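These protein sequences, in sequence, are chains A and B.
Residues 9 to 117 in the working numbering are what the first sequence lists, from first letter to last.
Residues 114 to 231 in the working numbering are what the second sequence lists, from first letter to last.
Encoded as C-alpha cells, the structure appears first; notes follow it.
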Amino acid sequence: QKEVEQNSGPLSVPEGAIASLNCTYSDRGSQSFFWYRQYSGKSPELIMFIYSNGDKEDGRFTAQLNKASQYVSLLIRDSQPSDSATYLCAVNEAHDMRFGAGTRLTVKP
Amino acid sequence: EPEVTQTPSHQVTQMGQEVILRCVPISNHLYFYWYRQILGQKVEFLVSFYNNEISEKSEIFDDQFSVERPDGSNFTLKIRSTKLEDSAMYFCASRRSGGAFYSYNEQFFGPGTRLTVL
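Here's what the structure looks like:
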C-alpha cells in the first residue's frame, strides 16, 4: 500500500513568517512530487512540483526533496493571510497520484 | 488560460439511481483522471484513462463505476447504482504528457462535482 503522510496540523504562523510543511512517502520508487493548495470547498490548485533531490524555488515557495529519506517539504516565505488553506502533498506514479491528508495552514494577520 | 471543466457542479440523487458526471479536459491533454474527496477527508484516486482505456484503477473503483470518453472532448464517470457512501466531491483532472520523468507531468483539476446521495 503506497502511503503519503502529512502532519494534519493545524499549523498557525504569523503574517510574514516562514511556514514549513512536511510530507513523507512510502514508495521508494516514487519519482515526482507535487504540492497542491486547496481552499475549503474548492479543487486542488498546483503550487509546485519537484523531481530531483534538493531545493526548487518559485517566488515565495521552496520545495525540498530528499529521496533517500523519502521526504518532501514546502516552505512558504513571507506568509500572507491569503496563504491560509490546506496544503496537499501528492506523489505521482506512472498512472496514478496519491495524496496525503493535507496540512491546514492558518496565517494570522 | 485553458482549464478543466465539470458539470454539473452539484448533483443530488436517490440511493440506487445511476449518475453520470461529466468533464471536459484541457484540449491537448492525453491523460485523464477521476478522484473523489469525501467531506473532511483526503483526495482519493479512482481511475486513470489513456488512449481510450483504463490505465489504472484503485480499490474504490469497483464494478459500480465506469468511465468513458464518448467523443473527442468529454470524459465521463458513471456510477451505476449509487450508495449513501458515494456522497463526495468528484474531481476530474487531466495531464498533458506521461511518465514520471517527462515534463508537463502536472495534473490540472476541474472545479469538482458535489454528489449528494439521499
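Think of the CB as a built atom: it goes at the ideal place given N, C-alpha and C, for glycine as much as any other residue.
These numbers were taken from a predicted model, which means no experiment stands behind them.
Check: Can the beta-carbon of Phe107/A be found closer than 9 Å to that of Glu157/B?
Finding: Their beta carbons are under 9 Å apart, which means Phe107/A touches Glu157/B by this criterion.
Margin query: In this structure, how does DSSP classify Pro138/B when only helix, strand and coil are distinguished?
Written below: coil
Margin query: the ligand GTP and Glu23/A: does the residue's C-beta get closer than 8 Å to at least one heavy atom of that ligand?
Written below: You won't find the ligand GTP in this model; it holds no ligand whatsoever.
Next item on the list: Specify whether the region 18 to 29 of chain A and the region 131 to 146 of chain B touch according to this definition: at least 3 beta carbon pairs, one from each stretch, less than 8 Å apart.
Entry: The answer is no - the region 131 to 146 of chain B does not touch the region 18 to 29 of chain A, with fewer than three Cβ pairs under 8 Å.
Next item on the list: Might you give, ordered along the chain, the residues of its own chain that have their beta carbon closer than 8 Å to the beta carbon of Ile167/B, omitting 5 neighbours on each side?
Entry: Val160, Ser161, Val180
Next item on the list: Please work out which residues of its chain come closer than 7 Å, Cβ to Cβ, to His142/B, disregarding the five sequence neighbours upstream and downstream, and give them in chain order.
Entry: Ser207, Arg208, Arg209
Next item on the list: Count the C-beta pairs between the region 81 to 89 of chain A and the region 11 to 19 of chain A that are closer than 8 Å, then say yes if the count reaches three, no if not.
Entry: no
Checklist line | Cβ-based contacts, 9 Å cut-off: residues of the region 72 to 98 of chain A near chain B | finding: Leu96, Ala98
Note to self: On the CB-based measure, 16 or more other CB atoms within 10 Å of its CB, does Ile26/A come out buried or exposed?
What the structure shows: exposed
Note to self: Within a Cβ cutoff of 7 Å, which residues of the same chain sit near Ala93/A, ignoring the five residues on either side of it in sequence?
What the structure shows: Arg45, Gln46, Tyr47, Leu113
Note to self: Using a Cβ-Cβ distance cut-off of 9 Å, determine whether Glu53/A contacts chain B.
What the structure shows: yes
Checklist line | chain B contact for Lys50/A (CB, 9 Å cutoff) | finding: By this cut-off, Lys50/A is an interface position.
Notebook entry, point to check: Would Leu73/A be called buried (16 or more neighbouring beta carbons within 10 Å of its own) or exposed?
Noted result: Burial call: buried.
Next item on the list: Starting from Asp63/A, trace the beta strand (DSSP E) both ways and give me its first and last residue.
Entry: Asp63/A -> beta strand (DSSP E) spans 62 to 66.
Next item on the list: Leaving out five residues on either side along the sequence, give the residues of the same chain with a beta carbon under 7 Å from the beta carbon of Tyr59/A.
Entry: Within the same chain, Gln39, Ser40 come within 7 Å of Tyr59/A by CB-CB distance, once the 5 residues on both sides are set aside.
Checklist line | Through-space distance from Asp176/B to His123/B, alpha-carbon basis | finding: 23 Å
Next item on the list: Inspect the beta-carbon positions of Gln119/B and Thr226/B and report whether they are closer than 9 Å.
Entry: yes
Next item on the list: Could you work out which residues of chain A lie near Lys155/B, taking near to mean beta carbons separated by less than 7 Å?
Entry: Phe107, Gly108, Ala109, Gly110
Check: So, helix, strand or coil for Leu143/B, using DSSP?
Finding: Coil, per DSSP.
Item checked: Ser186/B - DSSP class collapsed to helix/strand/coil -> coil
Check: Taking 9 Å as the CB-CB cut-off, is Asn100/A touching chain B?
Finding: yes
Check: Helix, strand or coil for Tyr215/B per DSSP?
Finding: Only weak support is given to the placement of Tyr215/B: the predicted model assigns it a pLDDT of 49, under 50, and the question is left unresolved by the model.
Next item on the list: Can you check the region 36 to 65 of chain A for any beta strand (DSSP E) of at least 3 residues that lies completely inside it and give the ranges in chain order?
Entry: 40 to 46, 53 to 58
Next item on the list: Could you name the residues of chain A that Phe221/B contacts, counting a contact when the two beta carbons are closer than 8 Å?
Entry: Leu54
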